[in-house]
Every structure is written in C-alpha cells, then in structure tokens.
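In the numbering used here, the protein residues as written are 808 to 1244.
We treat Cβ as the ideally placed atom computed from N, Cα and C, and that holds for glycine.
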Amino acid sequence: MMPNTCLNNIPSVLQTFDHDDFFARRCIWVHGPVIVGAGPSGLAVGAGLKKQGVPFIILERANCIASLWQNHTYDRLKLHLPKQFCQLPNFPFPEDFPEYPTKRQFITYLESYAKHFDISPHFNETVQSAKYDETFGLWRVKTIRENSSNSNLIGDDQVEYICRWLVVATGENAEKVVPEFEGFEQFGGHVIHVCDYKSGKRYGGKRVLVVGCGNSGMEVSLDLCNHEAEPSMVVRNSVHVLPREVMGKSTFELAVLLMKWLPLWLVDKILLILAWLILGNVEKYGLRRPSIGPLQLKNSAGKTPVLDIGALQKIRSGEVKVVPGVKRFFPGRVELVNGDDIEIDSVILATGYRSNVPSWLKENDFFSQDGIPKNPFPNGWKGKAGLYAVGFTRRGLSGASLDAISVAHDISMSWKEETKQRKKSIAASHRRCISHF
C-alpha cells in the first residue's frame, strides 16, 4: 500500500507544476486518499479503509499518534464519558478497563487500534497547504518532513502528494487558544496554557489563577487543591454543571436513553431538575446557568456542559474561589471586572482550543472561517471534489466514529468504481494492441 512516485503515473499533471517548486519537492502519487491527522479520527478512517482494501497514507505533524492525548493533557485526566461511548469502530475497549479509562489506558487502546489495523502514519510531517487542482481533478498536498537524526538527508524534506481524495482529520482541538489581556506582559509570574499542565505538584502553596471554567478548568482547579495550592477560577460566562452520574448511571448515557423517547427540550428539563436535586443551587457559588438547556446549547454552540467529578465540593468549601472576568494584569496581581484586586503567583489558561484548518486548506468553501464544516452534524463529513472531514461534529469520539464510518464507506465505493473502470480501460487497450498486431 505504499504510494508510487508520480512521474510515471501523471506526467501531464507534472508539466503544469511550478518549475522551481517541483525540483524543491519530491512528488508522490497516492493511489487512494491522503488523511491529515493521526488522532482518533484519522485512525478510525484508516481502519475503515483497511477493511475495504483501499490504500491510503496518514500525515501527522507530531512524532506519535494522538499527540494531543500523549503530549498535551494533564496526568489525572480520564475519559469524561463511559468507555462504550468512546471506542472507535470495530474495536471495543478491553473488558478489564474501567468504565472511565485513564489517559494512559486510552493511549494504550489507540496504540493497540493502530497495530490491529496495521496503520503506520508518516510522523513529523507537517502539511503546509492543500489545494484542489480543478484542471486535473486532483488534490495537491504540500508538506515539510522533519528528518530524523539518523537520516541521510540534511535539513527538512519537502514533499508534494497528489491524490483524488483528501480527508481532514485534524479535529476541533488542533491549536490552543491564548486570549489577550491588558497588562499581561507586565504580570511577571509563571503562565502556561492548560495543554502544558501536567499536575499541581509544582504549585503547592502558590496562588494560582485558572482562567476558564470548562471541564479542564474545573479539573485543574481540583487538582491544584489536591496539591495544596490556592486556586481562583475565572468564571466569565454562564456554564452548565451536571453530575457525572445519576444513581450510578452515566448522565450522558441517561440523556441518550431519554432522547430516544422524548424531545430535546424535555430531556434538558429533566437533566436540570436532576442536577438541582443532586448538586443543589450552584448559582449562589457564582456558577450562573445559561438560559437554554445543556443539550440544546451543545447542539447550537458546541459548548460542552461540565461533568462534576469533585470540583464543586471544593468550590462549596471555599478551597476553590470563583471570581468574575479579568480586567487587566499588574506585576504579581490581577484586577477583576468587579473591581476586586487579588495577588497571584501563576496563571493557567484553560481557554480551550480551535481548528487550524484555515491555515493550510486553500480556497475552499466547505469549512467556515473558524475551521469547522459549514454543514451541521450529521451532514458535515462530505464536501465537494473528494474532500472529507472527520472529528468536527462537536460530539466527541462517538460523533467522530460515525463520520469515520461514513467517510471510509464513501471513499471505498468511489475507489473501487474507479479501479474497476481503470482495469476495463487497460483491458480494452490491450485488445486493441493485439488486434493491430
């Protein structure tokens, strides 16, 4: 399933390439799709194509699969949903894994998934641009490959892949979001994004401002408390906080069950009543609830509710202080929008992530300026001219898996039909040659 050099496959395409760019890059024809991203989404598409016998390559800028999970998550992280909602197609979690696998267990699962389906991504290869060539109906994907220390090549290796199908599997969380604050450069203390946070060990006795109150902000605040730090969590907007479980059953699983029989608005009402009965009135602690329900908010804005795993108890006890938005920073302190002024030693930005698709996918109207497919789920997986997207559903791993199944099936059908037509064309050419002879 290795691609062949395109010099013998598509000479007419090469004649149209920029002369200097052609000789600066190796050019490779891929007899199948190019998949950008070796996270869960890219692996799931690859597995589906393997089952159908379709060749492909996966390009990954990092040095491993699932680099976000391996390199940019904190140590105590576990899956927020039960494992049956997080497994990839055709490969269940091991039975001995707990209901909420740890970070390390999930990485092990993904590595086993790649091994099981014999998926070998091209690591350390960053896509610079991907553009559709309308003249020939092909995608041109330009990359820079970082050479390993034992390589015979010096410097970076530039490659251009030519293919019929392009699968964007870089997902919604490809780049960290770092907001700008007045006076931030004057603060002088330790500042990191949550993608670089591992544990609260180094923060013992420190006053830490956690900017953001999503699942990451809540869990980091809890972890800081467990390491004797003094966290203050910035809650600028309204947020839904739900119990992770209701009477021993996953809240998410309960919601999925209820939605089979009840309308979305009614399921939201039930979830909010249960949250009030179990968690009490959280608004008195500074956690204002949005005006629309958690599931409706997730569907319309992609904003995930917080599933409480212990942070709320720390907020009630005062160990985690809830503070309003930041107005500006000063050396060693921060002024809040309500006029309060607090001294802090460190800042952790739990301010989320975004798609990086607009930075490399050129002249395409399938994705919005935010790098998310314009068509909402479940119709956001297929664009025009052989373009596909996986991992942008805002529905976690289960949504990515559904899209991966659709993408792999659709590409397989097209690939098999084109292969069939090519064989017929070759056979017809052979018959003409024999007839002339």
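Approximately 11 Å separates the beta-carbon atoms of Leu1064 and Thr1058; this is outside 8 Å, ruling out the contact. The three-state secondary structure of Lys983, taken from DSSP, is strand. For the 7 Å CB-CB criterion, Ala981 and Asn1163 form a contact. As computed with DSSP, Tyr1160 is found in a beta bridge with Lys983.
The beta carbon of Ala845 lies closer than 6 Å to those of Ile865, Glu867, Ile872 and Pro928 in the same chain, with the five residues before and after it left out. Within the region 987 to 1044, the alpha helix (DSSP H) runs of at least 4 residues that lie entirely inside it are, in chain order, 1022 to 1033. Annotation: the continuous alpha helix (DSSP H) that includes Pro1101 extends over Pro1101 to Ala1108. Residue burial is scored here from C-beta neighbours: His1000 has at least 16 other C-beta atoms within 10 angstroms and is therefore classed as buried.
Judged by DSSP secondary structure, Trp1188 falls outside any beta strand (DSSP E); it is assigned neither H nor E. In the three-state DSSP reduction, Tyr968 falls in the strand class (E or B).
Of the residues assessed, Leu1084 falls on the exposed side of the cut-off, its CB having fewer than 16 other CB atoms within 10 angstroms.
Look at His929 here: in three-state DSSP terms it is strand. For the pair Arg947 and Asp964, the CB atoms are not nearer than the 7 Å cut-off. According to DSSP, residue pairing for Thr950 in a beta bridge involves Val934 and Val966. When the beta-carbon positions are compared, Thr1200 and Gly1206 come within less than 7 Å of each other. The residues Leu1143, Val1144 and Asn1145, in chain order, have a CB closer than 6 Å to that of Pro1131 in the same chain once the five nearest residues on each side in sequence are set aside. In terms of CA proximity to Lys885, Glu906 leads the group Glu906, Thr1226 and Phe898.
Here the C-alpha atom of Arg1009 lies approximately 44 Å from the C-alpha atom of Val1214. Residue pairing by DSSP places Tyr1195 opposite Val974 and Lys1189 in a beta bridge.
Inter-segment contact for the region 892 to 912 and the region 966 to 974 is absent: fewer than three beta-carbon pairs are separated by less than 8 Å.
For Pro847, no beta strand (DSSP E) encloses it; the enclosing alpha helix (DSSP H) starts and ends at Pro847 to Gln859.
According to the DSSP assignment, Trp836 belongs to no alpha helix (DSSP H) but to the beta strand (DSSP E) extending over Arg833 to Trp836. When secondary structure is reduced to three states using DSSP, Tyr920 falls in the helix class. Beta-bridge pairing by DSSP links Thr909 to Lys885.
Contact annotation: the region 1153 to 1171 touches the region 1002 to 1019, with at least three C-beta pairs closer than 8 Å. In this model, Gly849 and Ile842 are separated by some 6 Å (Cα to Cα). If you compare the alpha carbons of Ile1218, Glu1224 and Pro1038 with that of Lys1013, the shortest gap goes to Pro1038.
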